[in-house]
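Numbering (this note's numbering), first residue to last: 174 to 270.
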């Protein structure tokens with residue numbers, strides 16, 4: 174199975190990492206990226222692990238950070254649609270495919 178990160182999700186990942194780097198330090202920004210990578214690889218090997226969320230999409234919460242990976246899974250690929258903050262603009266990503 175192939176992992177695909179949608180461009181808007183990649184932008185959200187970069188923005189969140191930059192926020193943590195700016196507000197705290199580079200180590201926290203790097204820790205956020207590392208946690209995203211850990212979670213993405215984990216759901217890639219266990220795609221049904223995330224909670225069903227809004228139809229066929231699934232949500233997997235990151236550890237230590239108030240973010241979730243929103244993804245869809247097909248036979249060929251696991252597509253990350255959003256790196257969504259738990260409290261900011263809920264459902265803004267709903268139209269993404």
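The C-beta atom is built at its ideal place from N, Cα and C for all residues, glycine as well.
Here the structure is a predicted model, which means the values were calculated and not measured.
Between the options, which has its C-alpha nearest residue i's C-alpha?
{"i": "residue 218", "options": "249, 191 and 199", "result": "249"}
{"i": "residue 184", "options": "255, 262 and 270", "result": "255"}
{"i": "residue 188", "options": "212, 257, 247 and 263", "result": "257"}
{"i": "residue 215", "options": "200, 175 and 182", "result": "175"}
{"i": "residue 207", "options": "223, 236 and 221", "result": "236"}
{"i": "residue 247", "options": "263, 270 and 234", "result": "270"}
{"i": "residue 177", "options": "213, 198 and 224", "result": "213"}
So the alpha helix (DSSP H) residue i belongs to, where does it begin and stop?
{"i": "residue 259", "result": "That residue, residue 259, is in no alpha helix (DSSP H); it is neither H nor E in DSSP."}
Give the range of the beta strand (DSSP E) segment to which residue i is assigned.
{"i": "residue 211", "result": "Premise fails: residue 211 lies in the alpha helix (DSSP H), 199-218, not in any beta strand (DSSP E)."}
{"i": "residue 176", "result": "175-178"}
{"i": "residue 236", "result": "It is not in any beta strand (DSSP E) - residue 236 carries neither H nor E in the DSSP assignment."}
Under 9 Å between the Cβ atoms of residue i and residue j?
{"i": "residue 252", "j": "residue 179", "result": "yes"}
{"i": "residue 186", "j": "residue 209", "result": "yes"}
{"i": "residue 204", "j": "residue 193", "result": "yes"}
Inset, instruction - Taking 8 Å as the threshold, find out whether the stretch 241-256 comes into contact with the stretch 225-233 through three or more Cβ pairs. - result: yes
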